[in-house]
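In the working numbering, the protein residues as written are 564 to 1169.
Beta carbons are placed, not taken as given, at the ideal position from N, Cα and C, and that holds for glycine.
Values in this document were obtained by computation on a predicted structure and should not be read as measured data.
This is how it looks when you write it as structure tokens:
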């Protein structure tokens, strides 16, 4: 069975059928895609359902899950979460193994189908062209035959007429011969074209069309096989997750079998058992005797009285009779009184009664890292060489980074010196290659650079050793940050004071304790007074967004409204405040300032 033989004249129907086959394939792809969406939606709903009924942490529900039935329910929720995961696996596998592969195959199929039918139309056009040539030569042959016949009849008529001259007769004869020759030529041409057309037509119906239709048939059969394979894959992907889904269901069954009603009953007993003894029997009271009724010790009234006494006793020993009643927590201990030297809003002091003033000063300066150096900030000034404007830990990192960079430069210069030395040795051994004396200047320059870098490294290493000597241990620092450790080394001086007293980094620890205490006493008072919030003298609106990355600056967002606490002093910077702990400088051109006319009596922004 071959389409090329059986369906040689059904070109248009085959074209429609193959297009229908591609539509069926695309419909199946759409079906699988919608199935994957359903699987994902189902998995999502299962996960949400499982999450919805999960016990909340630190809630009463969590206590209820001590019971085996509740534990089984929790296991069911967890298994359903895994069950949902398998449906997600089905969706992912169908997408990758069916949808993606079939979508690629459909594109290839369309290209192949287009190529085959293009060849078929090309063959049709060729045979139609041959047919038109045959029809044209046939009509020409017919026309020439008719004209030759008319010319022959005209000649015979002229030849029979005695009134016609001999010249006219000869002319008619020649005309008849010409027409007859043209008819013979047309006949030969028509015969040749007819033979050619018959050959092309035979090749068309017995070679070209069968070959093209056979390829189309093979293409269509591959499409059918591909659909079958996809349907099989569709089922296999479902079957692959059945064992895991079965395990999930087995887990639910196992959780159900683990339910122990006796254990749950025992938990109820432990939760609600009062510890009281049940009342005793009530004795019979005889009302037939006229005498005074007596009541036994175990009568109802006595039993009730005993019950009340037991209740009272139970009230005293509430923790013993009612072990599941939640006791009130003891009140927290009263806070320790602050030391007179403590800084307001600073961290609480430890158990020590007295601390050096430098400890309290450093504690105050480190408690507000965002504004602790505004007084000593030189707007537009250069960063000190020893990075003394930075907090201790940041300063240590910067110094360590600088030392590492200098060591790399030293190593680079030493490598260059070694290379020059080797080159000089080569020149000494082979003078024709160069003058050794020409490298002396370069070698001296490199050695001088190495010496400079070493001195620079020693300077930064000294500063680094100083900072590392001031910094507490890592564990101590963590405890200090948590409020349990506040003391630092006595020689430590706050960065802000260093910036004010020695901004160029010349401050050292060689000062005597007496001068240090003196400086700390005066500067502490000045700095403490200066740290009081300045009154707002107006407001401003940010015209542009500014990223405050340098020390002393503050980031603002376009359209944000802030308080102005210091006008531009002519250096292009304005000091603003967002809240108590956030203030800094921004470029004056970035904000639109609205000064308050009554700024002197304005209320301070907190």
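CA-CA distance, residue i and residue j?
i: residue 783; j: residue 762; result: 30 Å
i: residue 621; j: residue 830; result: 20 Å
i: residue 657; j: residue 796; result: 8 Å
i: residue 732; j: residue 721; result: 6 Å
i: residue 584; j: residue 786; result: 8 Å
i: residue 994; j: residue 988; result: 10 Å
i: residue 990; j: residue 979; result: 16 Å
i: residue 802; j: residue 769; result: 49 Å
i: residue 1030; j: residue 650; result: 60 Å
i: residue 663; j: residue 686; result: 35 Å
i: residue 985; j: residue 997; result: 13 Å
i: residue 817; j: residue 637; result: 12 Å
i: residue 920; j: residue 1109; result: With a pLDDT of 42 at residue 920, under the threshold of 50, the predicted position of this residue should be treated as unreliable, and no value is reported.
i: residue 957; j: residue 1136; result: 25 Å
i: residue 724; j: residue 718; result: 10 Å
i: residue 1011; j: residue 1021; result: 15 Å
i: residue 666; j: residue 595; result: 11 Å
i: residue 974; j: residue 1013; result: 9 Å
i: residue 992; j: residue 1005; result: 19 Å
i: residue 602; j: residue 677; result: 36 Å
i: residue 701; j: residue 753; result: 6 Å
i: residue 730; j: residue 699; result: 36 Å
i: residue 1088; j: residue 1145; result: Confidence is the limiting factor: at residue 1088 the pLDDT is only 43, short of 50, which leaves the residue's position unreliable and the question unanswerable from this model.
i: residue 591; j: residue 669; result: 11 Å
i: residue 1155; j: residue 946; result: 29 Å
i: residue 1153; j: residue 1160; result: 22 Å
i: residue 773; j: residue 748; result: 37 Å
i: residue 843; j: residue 820; result: 41 Å
i: residue 521; j: residue 805; result: Here the chain has residues from 564 to 1169 only, and residue 521 is not among them.
i: residue 792; j: residue 781; result: 16 Å
i: residue 675; j: residue 597; result: 28 Å
i: residue 617; j: residue 1028; result: 55 Å
i: residue 1007; j: residue 970; result: 19 Å
i: residue 589; j: residue 600; result: 17 Å
i: residue 835; j: residue 824; result: 16 Å
i: residue 1169; j: residue 950; result: Any reading at residue 1169 must be qualified, since the residue scores a pLDDT of 35, below 50, and its modelled position is unreliable; no value is offered.
i: residue 626; j: residue 832; result: 15 Å
i: residue 709; j: residue 740; result: 13 Å
Counting along the chain, where does the beta strand (DSSP E) carrying residue i start and finish?
i: residue 1099; result: Premise fails: residue 1099 is in no beta strand (DSSP E) and is neither H nor E.
i: residue 1137; result: 1136-1142
i: residue 1157; result: 1154-1158
i: residue 1149; result: 1145-1150
Our contact map puts residue i next to residue j with C-beta atoms below 8 Å; I'd like the distance itself, whole angstroms only.
i: residue 1116; j: residue 1157; result: The pair is not a contact, with the Cβ atoms about 21 Å apart (cut-off 8 Å).
i: residue 660; j: residue 800; result: 7 Å
i: residue 750; j: residue 704; result: 5 Å
i: residue 815; j: residue 639; result: 5 Å
i: residue 566; j: residue 777; result: 7 Å
i: residue 790; j: residue 577; result: At roughly 19 Å, the Cβ-Cβ gap does not stay under 8 Å, so residue 790 and residue 577 are not in contact.
i: residue 711; j: residue 679; result: That pair is no contact at about 48 Å.
i: residue 1223; j: residue 976; result: This structure cannot settle anything about residue 1223, because the visible part of the chain is limited to 564 through 1169.
i: residue 1016; j: residue 972; result: 5 Å
i: residue 683; j: residue 568; result: That pair is no contact at about 15 Å.
i: residue 827; j: residue 647; result: 29 Å between Cβ atoms; not a contact.
i: residue 628; j: residue 634; result: 6 Å
i: residue 965; j: residue 1023; result: 5 Å
Tell me which residue opens and which closes the alpha helix (DSSP H) that residue i is part of.
i: residue 584; result: 574-615
i: residue 1119; result: Unbroken run through residue 1119: none, as it is neither H nor E.
i: residue 1123; result: Run containing residue 1123: none; DSSP gives neither H nor E here.
i: residue 566; result: 566-569
For residue i, decide whether its Cβ has a neighbour in chain B, counting only Cβ atoms nearer than 8 Å.
i: residue 763; result: No chain B is present in this structure, which holds just one protein chain.
| query | Is there contact between the region 683-701 and the region 728-742, where contact requires at least three CB pairs shorter than 8 Å? | reply | Judged by Cβ distances under 8 Å, the region 683-701 makes no contact with the region 728-742, as fewer than three pairs qualify.
- Let me know the alpha helix (DSSP H) ranges lying completely inside the region 759-839, each 4 residues or longer, listed in chain order. For the region 759-839, whole alpha helix (DSSP H) runs of length 4 or above, ordered along the chain, are 772-803, 805-820, 824-835.
Legend entry - contact_flag[the region 571-591, the region 608-622] where n(CB pairs < 8 Å) is 3 or more: With a cut-off of 8 Å, the region 608-622 and the region 571-591 do not count as touching, because too few Cβ pairs lie within range.
Counting pairs of Cβ atoms below 8 Å between the region 1134-1149 and the region 1102-1114, do you hit three or more? Counting Cβ pairs under 8 Å, three or more are found: they touch.
* Please list the segments of the beta strand (DSSP E) lying wholly inside the region 621-709, counting only runs of 3 or more residues, in order along the chain. => Within the region 621-709, no complete beta strand (DSSP E) run reaches 3 residues.
Do the region 1138-1147 and the region 1121-1128 meet, that is, are 3 or more Cβ pairs less than 8 Å apart? They touch, by the three-pair rule.
Below 8 Å, can you find three or more Cβ-Cβ pairs linking the region 593-611 to the region 804-820? Contact between the region 593-611 and the region 804-820 is absent, because fewer than three Cβ pairs lie under 8 Å.
For the region 841-851 against the region 635-655, are there 3 or more C-beta pairs whose distance is under 8 Å?
Contact fails between the region 841-851 and the region 635-655, because fewer than three Cβ pairs, one in each stretch, are under 8 Å apart.
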